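One structure below.
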């Protein structure tokens with residue numbers, strides 16, 4: 027799991043850079059950052075702290091993910107009409123459930 031924590035840190039970094047580089051106007055970039063925050067919202071807090079990442083309040087990462095998804099959908103409303111049954115989405119949901127159930 028520690029190597030996965032490093033990958034999450036890199037994903038957050040590069041997704042944030044992509045949002046910055048797009049000036050916050052790319053729905054795709056915002057959505058990718060939202061996926062990272064959604065994953066961070068269930069990640070073991072002690073492992074996030076090894077990367078220097080801390081939530082300042084309960085559910086901060088989930089709220090940030092929801093906010094970013096809402097912004098992406100506002101920029102490109104047709105995104106809500108797209109099929110959401112890609113295999114990676116199933117794997118993401120499965121991973122979120124498994125990590126949520128993980129106890130330290």
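Numbering (our numbering), first residue to last: 27 to 130.
Idealized CB from N, CA, C, for every residue including glycine.
Bear in mind that the values here come from a model prediction, so they are computed numbers and not experimental data.
- Contact annotation: residue 56 and residue 98 have beta-carbon atoms nearer than 7 Å.
- Around the C-beta of residue 76, fewer than 16 other C-beta atoms lie within 10 Å, and the residue is accordingly described as exposed.
- Where residue 105 is concerned, there is no enclosing alpha helix (DSSP H), because DSSP gives it neither an H nor an E.
- By the Cβ neighbour-count rule, residue 108 is exposed, with fewer than 16 other Cβ atoms within 10 Å of its own.
- According to the DSSP assignment, residue 36 belongs to the alpha helix (DSSP H) that extends over 28-47.
- In this structure, residue 83 lies away from residue 67, with their beta-carbon atoms at least 7 Å apart.
- Looking from the CA of residue 104, the closest CA among 45, 53, 122 and 92 belongs to 53.
- By the CB criterion at 7 Å, residue 37 and residue 63 fall outside the cutoff.
- Burial check for residue 61: the Cβ neighbour count within 10 Å reaches 16 or more, so the residue is buried.
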